[in-house]
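Residue numbers (the working numbering), protein chains in the order written: chain Y, 2 to 125; chain R, 482 to 1126.
A virtual CB, placed ideally from N, CA and C, is assigned to each residue, including glycine.
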């Protein structure tokens, strides 16, 4: 079974993401901020991280920079999920090492498709 | 709509936080005090924007977005963060609340576009002031951590040191064992936040393990509570402080949990707790069946003793279980008290008085449902206190009082009820004026005055003579209090002030019910027991030796007359075509004839305390808000067993 870490400071948003990704039948871990995300990664193995950008204490961009700076997490697929107004940050985020960039509000199918690709599942 | 409930709940929380932060912003004196508030506000608006986007509430997305833009400018000092800005954003927050709650109806609000224009047209940013650059040489922050600090972080640290604060550095190393106990980086952060401001948290990844460094600003140089895995260092040495007693055992995790304000909470819809409560009720019935089966089985005293003991134990455990579920529904009163500062601020402005709000007992735990229903009556009383009770500063000075009035909200637990007081130190009730406005005698005391104030429509007469006294919609307040099973009271001292109090039960059971009338009396019947309500025409009824049958959807239903079951024959004759409720229990259906179904409403169940009055088919009683009582009928009992008196 695959494990997916959903990082967002809004519990409702985490619930929405998990609902959209439920067809993956993955184990879902949750983190409400960047620090918690990095803690989760250190404590447990994950196959994919869905990451919000604007969070308290530690911005999602920093989380990407950290994960990409260390061997243990260099290969972890990261899907950044953020609000439209940050469209101009798409390049920064992808350059920092994120694998995909999706915007909120998201369509469940679109998010699921992106997640499947990153997990190496063929899109259905 | 999926997620609607989650959305409204989280949005409400975010908005309440936004309101509180905005009030904090208007009170924060220094720029360093404002920084954390800006951050919190920006985060809350941003989260709300994201959620509103998912729910496709475009106007809310716009308001959040433009509010963020303004706050960002204010944070950088490009914009004055004064009372005017706070007012503008508070107005926006009110609009957001309306948008969030209007979501199912998708109401178009014209005010939104006006507000958006105001947000956009707000004072253009002034040029950015030069940011003081700093090497941070005076700080002993390790390079490993320091290189992650931004220039604004250094700026805040320097400002903090100038304000006499201590810079602290804490490290937290997570481990799976600690995580299993709930000790994680969030907890470490909460523990640290209780001691000061967090400037930045830096994760340090070493191989496959991780450590977190927290750069802090503390008001006092005391170290935070100890927590497994947390080390704390003080960086800029302040004058000597008493050394920690080295013999002292570090606080255990259990102790910490007890003393710490963080709780491991789970959100549960009240409806789910109601479901559990219903299941507990079913268990109580099953236990009675067991008891009865035991009595009828003919087992002798000695053989039956162990079974009887078990049955007794189950009964006690059921009572404990019921209490535990009741406790799970309790929330602190601060959920409703917390909204008052904002309301008072608005009202004080519009009623030209100055007021200091004092709140006591907001930690008292009461039923969630009670908290929701308490908001309106409480707001009413607060509004009255400001509109009619408290005088203008000039008037107060002439009367030899402090110019700033005092409004006290207090919650005092009294056994299984709670007394909520709204007290002002204003002019008190003008009994003569109240008597005059009511066109009658002058009330002898506060109790009589309250009777007059609570007459429906009394407020409209008072509008003409605005300063005559209190009473805007007091009838509504009393009705709401009565519906919660409570009581409204009043004390007044001319020239010194006035105190309204509400005595309310701590817990409430609320049932969606049909109100029915029967021989001139009113009764309530739980709605979920009823599958259909219909009018019965005489030619639909067939008489049989065994009873009556009702033609129903091509078949026939046994027909029972509630008048006969209850043995009531009041002064009111049964109508020619009465109403009937179809009651279903499993496959079994019956039609119950009542006089009239008056309506559908939620009623608060008051248990029948007097054993002489209680009957198996009585589910309790409820107050209808007009002072009259209605008995709650348990249809299942009535249908199965008839009335045994």
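Contact with chain R is absent for residue 27(Y), since none of that chain's Cβ atoms lies less than 8 Å from the residue's Cβ. Neighbours of residue 648(R) across chain Y, judged by C-beta separation under 9 Å, do not exist; the nearest C-beta is about 17 Å away. For residue 657(R), the chain Y residues whose C-beta falls within less than 7 Å of its own C-beta are 44, listed in chain order. Identification of residues in the stretch 489–521 of chain R having a C-beta nearer than 9 Å to some C-beta of chain Y yields 490, 491, 492, 495, 520 and 521, given in sequence order. Close partners of residue 666(R) in chain Y (Cβ separation under 7 Å): 36, 37 and 40.
Under a criterion of Cβ atoms nearer than 8 Å, no residue of chain Y is adjacent to residue 874(R); the nearest Cβ is some 41 Å distant. One Cα belongs to residue 868(R), the other to residue 993(R), and the distance between them is close to 36 Å. In this structure, residue 1038(R) lies near residue 1071(R), with their beta-carbon atoms less than 8 Å apart. The beta carbons of residue 535(R) and residue 14(Y) sit closer together than 8 Å.
Between residue 987(R) and the set 911(R), 871(R), 1111(R) and 849(R), the nearest pair of CA atoms involves 849(R).
Beta bridge pairing from DSSP links residue 1032(R) with 1037(R). Chain-order list of chain R residues neighbouring residue 71(Y): 686, by C-beta distance under 7 Å.
Per DSSP, the beta-bridge partners of residue 677(R) are 699(R). Assignment of residue 75(Y) by DSSP, reduced to helix, strand and coil, places it in the coil class. Taking a Cβ-Cβ cut-off of 8 Å, residue 753(R) has no neighbours in chain Y, whose nearest Cβ is about 16 Å from it.
If you check the CB distance, residue 843(R) and residue 813(R) come in under 8 Å. Secondary structure note for residue 635(R): its alpha helix (DSSP H) is the uninterrupted segment 632–643. The C-beta of residue 535(R) comes closer than 8 Å to at least one C-beta of chain Y. Residue 786(R) is positioned such that its CB atom lies no closer than 8 Å to that of residue 772(R). Of all alpha-carbon atoms in 1049(R), 1013(R) and 1054(R), the one lying nearest the alpha-carbon of residue 1066(R) is that of 1013(R).
Using a Cβ-Cβ distance cut-off of 8 Å, the stretch 820–838 of chain R and the stretch 970–978 of chain R are not in contact, since fewer than three pairs of beta carbons, one from each stretch, lie closer than that value. Along the stretch 560–587 of chain R, there is no position whose C-beta sits under 7 Å from a C-beta of chain Y. Check the Cα spacing between residue 751(R) and each of 811(R), 781(R), 801(R) and 783(R): the tightest is with 811(R).
Residue 855(R) sits buried, since 16 or more C-beta atoms from the chains shown fall within 10 Å of its C-beta. Here residue 825(R) is near residue 863(R), since their CB atoms are less than 8 Å apart. When only Cα atoms are considered, residue 754(R) and residue 1101(R) end up about 20 Å apart. Minimum Cα-Cα distance from residue 529(R) among the listed residues 1078(R), 936(R), 1062(R) and 546(R) corresponds to 546(R).
For the stretch 1062–1086 of chain R, there are no residues whose beta carbon sits under 7 Å from a beta carbon of chain Y.
Counting only Cβ-Cβ distances below 8 Å, residue 67(Y) has contacts in chain R at 684 and 686, in chain order. Under the DSSP assignment, residue 29(Y) falls in the beta strand (DSSP E) whose first and last residues are 28–32. Taking 8 Å as the CB threshold, residue 487(R) lines the interface with chain Y.
Taking a beta-carbon distance threshold of 8 Å, residue 10(Y) counts as an interface residue toward chain R.
Within chain R, no C-beta atom comes nearer than 7 Å to that of residue 90(Y); the closest sits roughly 13 Å away.
In the DSSP assignment, residue 811(R) falls within the unbroken beta strand (DSSP E) covering 811–813. Counting C-beta pairs closer than 8 Å gives fewer than three between the stretch 1000–1007 of chain R and the stretch 879–895 of chain R, which falls short of the contact rule. In the assembly as shown, residue 659(R) is a buried residue. Its beta-carbon has 16 or more other beta-carbons within 10 Å.
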